[in-house]
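Comments concern the structure below.
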Amino acid sequence: MAEYNINDIEKKWQDYWKKNQVYKVTTDPSRPKFYVLDMFPYPSGAGLHVGHPLGYIASDIVARFKRLKGFNVLHPMGFDAFGLPAEQYAIDTGQHPAITTAQNIEKYKEQLNNLGFSYDWDREVQTCDPSYYKWTQWIFMQLFNSWYDKKTGKALAIESLIEILNQQGNAGLSAACDDDTPEISAEEWKAFSDEEKAAFLLKYRLTYPADSMVNWCPALGTVLANDEVKDGFSERGGHPVERKKMKQWMMRITAYADRLLENLEKLNWSEALKEMQRNWIGKSYGCELDFKVVGKDITLTAFTTRSDTIYGVTYVVLAPEHELIETLTTPDQKEAVDAYVSAAKNRSERERMADVKTVSGVFTGSFVVNPFNNEEVPLWIADYVLAGYGTGVVMAVPSSDDRDFRFARHFDLPVRCVIEGTEEMADPTEKKHGKMINSGILNGMESTDAITAANNYAAEKGIGKPKVNYRMRDAVFSRQRYWGEPVPVHFKNGIPHLIDEKDLPLELPPVDEYKPTETGEPPLARAKDWKYKGDFDYEHTTMPGWAGSSWYFLRYMDATNDREFVSSDAVKYWNEVDLYIGGTEHATGHLLYSRFWNMFLYDRGFIFHEEPFRRLVNQGMIQGRSNMVYKLKDQNKFVSEGLKDDYEVIELRADVNMVDHDILDIEAFKKWRPEYSDAEFVLEGGKYKCGVVVEKMSKSKYNTINPDDMVSKYGADTLRMYEMFLGPIEMSKPWNTAGIDGVAKFLRRFWMLFFDDKGKYRVNDENPAAEELKVLHKTIKKVQDDIEQLSFNTCVSEFMICLNQLTQLKCYKKAILQELVVVLSPFAPHLCEELWHHLGNADSVVNAAYPVFNPQYVQEASFEYPIMINGKLRAKISFAVDAPQDAMKETVLGNEIVQKWLDGKAPKNIIVVPNKIINVVV
RNA sequence: GCCCGGAUGGUGGAACUGGUAGACACGCAGGACUUAAAAUCCUGUGGCCGUUGAGGCCGUGCGGGUUCAAGUCCCGCUCCGGGUACCA
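If you read the first sequence in our numbering, its first letter stands for residue 761, the second for the next number, and so on.
What follows is the structure, encoded as structure tokens:
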């Protein structure tokens, strides 16, 4: 007697897998490797909802499938454990964030294990664990000890730079460095004091402290990276963010801008994602042009991508933050300029973004000279010019640029058209390319040619030079927070030095409170007697969340190594991630920083692959499906959805967990809130029907579905298959529990192939019939092809078709079922493990081999051709697959139905597509 | 504004490089079993007209086009989702 008791079976096998270490992975060069990775989660207090596991289920299916196919599969899981929520909780309650984090991680692991994932937990990483962040700090130290040589196109040890400086200074050097790096000779370098040398080297190091404009979030008490700010608000918490100048550790990611951009070509990522990274890097080819200030010994350099329009310049604009504003302002304009500049500075980033349409600016009183025609044009200040992009100076061409045009109209500045055909247009910026006019030496050229000509001319005359510009800036690496990796740096006379490698990890010190100090210092400044060697101040900021997540995929390869961050052997074997599944929200953060660090470690010879993630798939979001109820305006009375238009109603959300197929469980609803306990209901057909709204899944919308509830009700196998059955993995879709019955029914009926309704085992050893083998092998083929394409929903359909046919054939043959169990096991591992053992196997199904597809079994002798008349299906006729076309045509024309449609006429043409279709053209 | 996706029955979705549109499932309707319900099983299910195993017409967001043949390719739109934004 055997019963399909889901919860018992699933528990039993989860315990078995754990006890027998079925998912333990070792480095084994004798076998081909496959690395399947999920973006590791931040363990929040809320636990998982049903949307989170979508990607995990998909990757687990791939991992299990590849294993059956003979690959040595690395499929690890860990936790991105430093983060704001735990710290915020610590500030509120005084509890150390490590405690909350550990609790949350336990909960997550339990939830993940309930779903039957095949992780090797021995390789788990937690970014907040000192044994892990020791190596995050170590990587930071390598970055500090490196510079980027543009000649060889890679990062090198800082010692090689020192050697060059000793020999020749930095004259012949092509390196990524600060913009303000002066040119020095070897003699000057040698004459530097040690401190001066150290300060100078900071201009080249790949991580360095700098005074920079940062996104300061007062509510969180920290700075945020550009990708952590959305529309002027912090991504976590939604607090306002403002601009502030602070000393920050920076990462010289701009050194890698070109390689990060170019390598995208080689990656098997979605075009959308690559495009996001391209836009973020924002490479543009242009030209820097020099504008001399009239009457002053000052030259302003403007960056432009449209040097062809230089004759259309009617004014030049500075960013309000430009440092020369004071000297460039004439006395009579001083008052106006001061007022404008201070107003612009005090405007928060948010405000500035909010009214993009408002035109504002002020005249400096100065004029500058157009280097091409020596014309004097006015110099303005306006906040549409960003200090952080290009040079902070824009040559304005109102006839070709929308913003310049709006500005010129507002302040009544002249507009000069330089493109043929724009002279008479109300808005000449609508035509951006064409033949140049009013443009001196450029007249008559097409704009694209004129750009090259103008650039060459500028270079020849020494009035400018071609320049490649990037939108991406160096990444801010400091956070004024407690719950992050300490930076392994101490200060001597204000100059940062690394601590000794043997002193790693530099552990987080205890503090009395997790808040900033009264003087605004970060929380680490509270740590008592926290000094390096008892003497030197440590860095008080901590690393950002993306530090630990930028290399965790390497650590999994060798997670417990305490001598290296990863051994060469391990990284040579596992190298890049073959399949990475995660959300699109990390497009410009994690996925860019990880590529940067990976590339750096590759340059320095620590690892041997340049890109970390060969193939990447973004799983879609599972949206919430909220159920609405309609309350009468002044009464405690609810009307059913179909009747709501007849009343004046207020739309309210009901918890989806008390709604089934959009029918409200009225008793549960009454108990939900005391104020509803005596509510009345207007029903339709005896039922209360709820409305439906698709929106984000969130607790406040009462539309979250907890996977634990689903697992206890339907089982993990059902949940796994249902999430896959919902649709293509990369598409967003609302969660609707209604459809889950179909999958639950499938698994129960699959069980019924093995056990009759009395629970009696009915599998026999009979030889399979041709028809049964055909069904089996069709499924073997379809499922393996679709898994490779990550088309999991069609796999589930195929299983259902297969089951329907086997049920019809009353096939209870071991030869068929045993192979099918293996094919199904990546999707429903618990059920299949149970059945696998019933079939008499002692080992785990995980260690089975995927059946080999045999095309002979699925070959057909004949094909039933759809016969079309003028493209419309009219009849069907079977022919042997290798039937000669002439004979087929003859038969078709002789067919009664075809005759009827021909109506005595001769056909114009007959198209026969072998084993596809026959079309008769009349 | 710009850049990516997407639009197929009441619903989720199938349809490989153009070749039988609606697989599979949910829901719904009818039936069987049952004292009853649940569960299970069977049948039907794009729309319209007509029939009761005739058949026909229309149908993949909208309007054109290419083709023997278009959900699929081309041109022009509409709407929805995501990203991004004074980037010179």
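Think of the CB as a built atom: it goes at the ideal place given N, C-alpha and C, for glycine as much as any other residue.
Can you tell me which of the three DSSP states C1450 falls into? coil
Given this structure, state the Cα-to-Cα distance separating D1263 from V782, to the nearest angstrom. 38 Å
Using 8 Å as the threshold, is the C-beta distance between R1241 and T982 below it? yes
Touching by the beta-carbon criterion (3+ pairs, under 8 Å), the region 1058–1072 and the region 1202–1212: yes
Candidates A1575, I1489, N1496 and N1553, of which the one nearest N1524 by Cα: A1575
Taking 8 Å as the cut-off, decide whether the C-beta atoms of S1160 and I1141 are in contact. no
Where do the N-terminal and C-terminal ends of the alpha helix (DSSP H) with I821 fall, by residue? P813 to L828
Separation of Q1093 from L1352, as counted between CA atoms: 45 Å
Among K829, I1085, V1157 and T912, nearest to R791 - alpha-carbon criterion: K829
Alpha carbon to alpha carbon, what distance is there between A915 and V1175? 48 Å
Residue of W1357, H1257, Y1448 and L1284 minimising C-alpha distance to P1269: L1284
How about V1641 and V1605: do their beta carbons lie closer than 8 Å? no
Between the C-alpha atoms of F1237 and F900, what's the straight-line distance to the nearest angstrom? 10 Å
Same chain only: Cβ atoms within 7 Å of Q886, ignoring 5 sequence neighbours per side: G838, F839, A841, I865 and Y892
When the Cβ atoms of the region 1549–1568 are set against those of the region 810–827, are three or more pairs found closer than 8 Å? yes
I'd like to know whether the C-beta atoms of S751 and N1321 end up nearer to each other than 8 Å. Because the chain spans 761 through 1682 in this model, residue 751 falls outside it and cannot be assessed.
Mark R1169 as exposed unless 16 or more other C-beta atoms lie within 10 angstroms of its C-beta, in which case mark it buried. exposed
Beta strand (DSSP E) runs wholly inside the region 1602–1681, at least 3 long, in chain order: 1622–1629, 1632–1640, 1669–1673 and 1677–1681
Would you kindly check if the distance between the Cβ of T1014 and the Cβ of A1307 is under 8 Å? no
Taking only the alpha-carbon atoms, compute the straight-line gap between S972 and W1009 and give it to the nearest angstrom. 9 Å
Mapping DSSP to helix, strand and coil, what is G998? coil
Per-residue DSSP class, three states only, for V1503: helix
Buried or exposed for M761, going by 16 or more other Cβ atoms inside 10 Å? Below a pLDDT of 50, predicted positions are generally treated as unreliable, and M761, at 47, falls in that range; no measurement from the model is reported.
Through-space distance from G1343 to K771, alpha-carbon basis: 30 Å
In terms of DSSP beta bridges, what is D1695 paired with? Nothing can be reported for residue 1695, as the shown portion of the chain is limited to 761 through 1682.
Cβ pair count under 8 Å reaching 3, the region 1122–1133 against the region 1080–1096: yes
State the Cα-Cα distance for the pair A1213 and S1044, rounded to the nearest angstrom. 18 Å
Option in V1612, A1609, I1341 and G1121 with minimal Cα separation from R1166: G1121
Could you give the DSSP three-state label for H1257: helix, strand or coil? strand
Kindly indicate the opening and closing residues of the alpha helix (DSSP H) around E1594. P1589 to H1598
By DSSP, does W1243 sit in helix, in strand, or in coil? coil
Do G1475 and I766 have their C-beta atoms within less than 8 Å of each other? yes
Residues near N873 by beta carbon distance below 7 Å, same chain, minus five either side: Q774
Any idea if E1684 is buried or exposed, counting beta-carbon neighbours within 10 angstroms, 16 or more meaning buried? Given a span of 761 to 1682 for the chain in the structure shown, any question on residue 1684 remains unanswerable.
Reference T1539, options L1577, E1083 and Y776, closest by Cα: L1577
Could you say which of K1473, A1219, D852 and W1357 lies nearest to L980 if we only look at CA atoms? D852
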